[in-house]
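Asker: When you read off a place in the sequence shown, starting at 1, and then add 40, the result is the number in the numbering used here.
Glycine included, C-beta positions come from ideal geometry on N, C-alpha and C.
Supplied in C-alpha cells, the structure appears directly below.
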Amino acid sequence: MKIGILSFAHMHAYSYAAALTRLPGVEFTGLADDDAERGQAAAAEFATRYFPTAADLLATDIDGVIICSANVEHEELALAAAARGKHILCEKPIATTIAAANRMIAACRENNVQLGVAFPCRLHPAARRLREEIQAGKLGRVMAIRATNHGSLPPGWFLDREKAGGGAVMDHTVHVVDLLRWFLGQEVTRVYAEAGTLLHDIAIDDCGLLSLELSGGAYATLDTSWSRPEGFPTWGDVTMEIVGTGGTAYLDLFSQNLAVYGPGELTTRYENWGSDADYLLVQDFVTSIAAGRQPLVSGQDGLKALEVALAAYRAAATQEPVAVGN
41 MKIGILSFAH MHAYSYAAAL TRLPGVEFTG LADDDAERGQ AAAAEFATRY
91 FPTAADLLAT DIDGVIICSA NVEHEELALA AAARGKHILC EKPIATTIAA
141 ANRMIAACRE NNVQLGVAFP CRLHPAARRL REEIQAGKLG RVMAIRATNH
191 GSLPPGWFLD REKAGGGAVM DHTVHVVDLL RWFLGQEVTR VYAEAGTLLH
241 DIAIDDCGLL SLELSGGAYA TLDTSWSRPE GFPTWGDVTM EIVGTGGTAY
291 LDLFSQNLAV YGPGELTTRY ENWGSDADYL LVQDFVTSIA AGRQPLVSGQ
341 DGLKALEVAL AAYRAAATQE PVAVGN
C-alpha cells in the first residue's frame, strides 16, 4: 500500500512518517510541502520523494494521504485528495469551521473514500481498556469527569488565529471531547467556558477552562491550557478522573516515561517506554483502507469535537452557557 503526506507544517507529521516507514506492507511514497526547504529536509530524513505541490503527489498512484498542514488548509487539501480518490487521515481539528468540515465529509462520501481524523488517544491501550470498563458498567453510572489536556506553547502558525482557527481551546478541546464521546456514548449538549491569554505574550488564547454537560446527565470540566513551561520534560498530558456511582477511575495517557538525569543535561528529559499512539493511529488508517472499512475515528467524530470547541469560544465571548450545535 502506498501512502503520502500532504505538508509537514504540523509537528505530528514526523511521527506519522516514522510510523509509515515501520509498518509492514506500506510504502511511504512521498510528501508534498509548499515550504521547499522543510519538505526536502523531511524527504531526506525519511528516504522518500519530495513533491513541490499537493497536486503533484495526488497525481501518483498512492492509495491514501495524511494531511498535516495548518488547520485552515485541511479543507482544500482534503477536497483535492477526495477528488483524486485518495483515502484521507486528517490531523485534528478536522477544520476551522463547521461548514468546512461538512464539505470535507460530503466530498469523501461522494468520492467513496475513507475520512479519518487524527485522535490517536482512542488507540492508546489504556484508553481502550478504560472504555471497556465503562461500557461493562464497572464504574456504574458515570456522573462527573475532571479532565486536562495541557501542552507547551506551539510554534509558528499555531499562534495565527486565521490559520489555526483558535488557540489553546481549539488545539486541546477536541482530543478530550472525542474521548468523552467514545467512552460514554453521549454527546456534549452544552458548554460554558473561560478563555484568555494569561501565560504568554501572544495574540491568541493560551488557556481555557470548560464546563461541559453531556446528554446522559454527566458533567465534565476540562483544562485546555498551553501551560507547560519551556524546558518541561514532556510536551503535556491527557488525564481524566472519572467518577461513577460504582467507582472511580483515573487515566493518565502519557505517563509511561523514564526521567533521565545526567552530566551536561541542562534539564530533566523524559524517555517514553510506553505505547506509541501515533503508530497505532496510522496502522488503523492503513488497515481501514485494506479492509474497506471506516477508520476508528471518522470525519463525523471530528465534526462533533469541533462543534464543542467552537461553542466554547462563543461561551467565553458571551459569558453564557452555549448549546452545542446551535
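Pick helix, strand or coil for His-114, following the three-state DSSP scheme.
Answerer: Three-state result, His-114: helix.
Asker: Which same chain residues end up closer than 6 Å to Ser-55 when comparing Cβ atoms and leaving out the 5 residues on each side of it in sequence?
Answerer: Excluding sequence neighbours, Ser-55 sits near Asp-318.
Asker: Taking only the alpha-carbon atoms, compute the straight-line gap between Ala-72 and Ala-99 and give it to the nearest angstrom.
Answerer: Ala-72 and Ala-99: Cα-Cα distance of roughly 11 Å.
Asker: Leu-250 bridges to which residues according to DSSP?
Answerer: Answer is Ala-233 and Leu-262.
Asker: Count the other CB atoms, across all protein chains shown, that sit within 10 Å of the CB of Trp-266; report buried if there are 16 or more and exposed otherwise.
Answerer: Buried: at least 16 other Cβ atoms inside 10 Å.
Asker: Give, in chain order, every unbroken run of the beta strand (DSSP E) that is at least 3 residues long and sits entirely within the segment 60-138.
Answerer: Correct list: 67-72, 89-91, 104-107 and 127-131.
Asker: Does the distance from the CB of Leu-343 to the CB of Asn-142 come in under 8 Å?
Answerer: Yes, they are a contact pair.
Asker: Thinking just about the alpha-carbon of each residue, which of Phe-48, Phe-325 and Gly-104 is nearest to the one in Glu-85?
Answerer: For the residues Phe-48, Phe-325 and Gly-104, the minimum Cα distance to Glu-85 belongs to Phe-48.
Asker: Just to confirm my understanding: we take Ile-106, look at its own chain, exclude 5 residues before and 5 after, and list those with CB closer than 6 Å. What are they?
Answerer: Excluding positions up to five away in sequence, the list reads Ile-45, Tyr-56 and Leu-129.
Asker: Skipping 5 residues on each side, what residues in its chain have a beta carbon closer than 7 Å to that of Phe-272?
Answerer: Closer than 7 Å at Cβ, skipping near neighbours: Ser-192.
Asker: Drop a sphere of 10 angstroms on the beta-carbon of Thr-264, count the other beta-carbons inside from all chains shown, and report buried for 16 or more, exposed for fewer.
Answerer: Under this definition Thr-264 is a buried residue.
Asker: Buried or exposed: where does Leu-238 fall if 16 or more other Cβ atoms within 10 Å of its Cβ makes it buried?
Answerer: Counting Cβ neighbours within 10 Å, Leu-238 comes out exposed, since fewer than 16 surround it.
Asker: Per DSSP, Gly-156 is paired with what?
Answerer: Answer is Leu-129 and Ser-338.
Asker: Decide yes or no for the touch test of the segment 349-362 against the segment 206-216: beta carbon pairs closer than 8 Å, at least 3 of them.
Answerer: Yes, since at least three Cβ pairs between the segment 349-362 and the segment 206-216 fall closer than 8 Å, the two stretches touch.
Asker: In the DSSP output, which residue or residues are listed as bridge partners for Glu-312?
Answerer: It is worth fixing the name first, because residue 312 is Asn in this sequence and not Glu. Answer is Asn-297, bridged to Asn-312.
Asker: When you compare only the Cα positions, how much space is there between His-114 and His-52?
Answerer: In a straight line, the C-alpha of His-114 is about 14 Å away from that of His-52.
Asker: So, helix, strand or coil for Lys-178, using DSSP?
Answerer: DSSP places Lys-178 in coil when its eight states are reduced to three.
Asker: What is the rounded straight-line gap between the Cα of Ala-258 and the Cα of Met-280?
Answerer: Roughly 14 Å between the two C-alpha positions.
Asker: Let me check understanding here. Comparing Cα to Cα, which of Leu-250, Gly-225 and Gln-226 lies closest to Tyr-232?
Answerer: That would be Leu-250, whose Cα lies nearest to the Cα of Tyr-232.
Asker: Does the Cβ of Glu-131 have 16 or more other Cβ atoms within 10 Å, making it buried, or fewer, making it exposed?
Answerer: Its Cβ being crowded by 16 or more others within 10 Å, Glu-131 is buried.
Asker: Considering only the alpha carbon of each residue, which of Glu-173, Arg-149 and Val-157 lies closest to Gly-125?
Answerer: Among Glu-173, Arg-149 and Val-157, the Cα nearest to that of Gly-125 belongs to Arg-149.
Asker: Give the DSSP bridge partners of Tyr-319, in chain order.
Answerer: Paired residues: none, contrary to the question.
Asker: Where Leu-179 and Phe-223 are concerned, what is the direct C-alpha to C-alpha distance, given to the nearest angstrom?
Answerer: About 12 Å.
Asker: Residues in its own chain within less than 7 Å of Ala-166 by CB, not counting five upstream and five downstream?
Answerer: Leu-291 and Leu-293, listed in sequence order.
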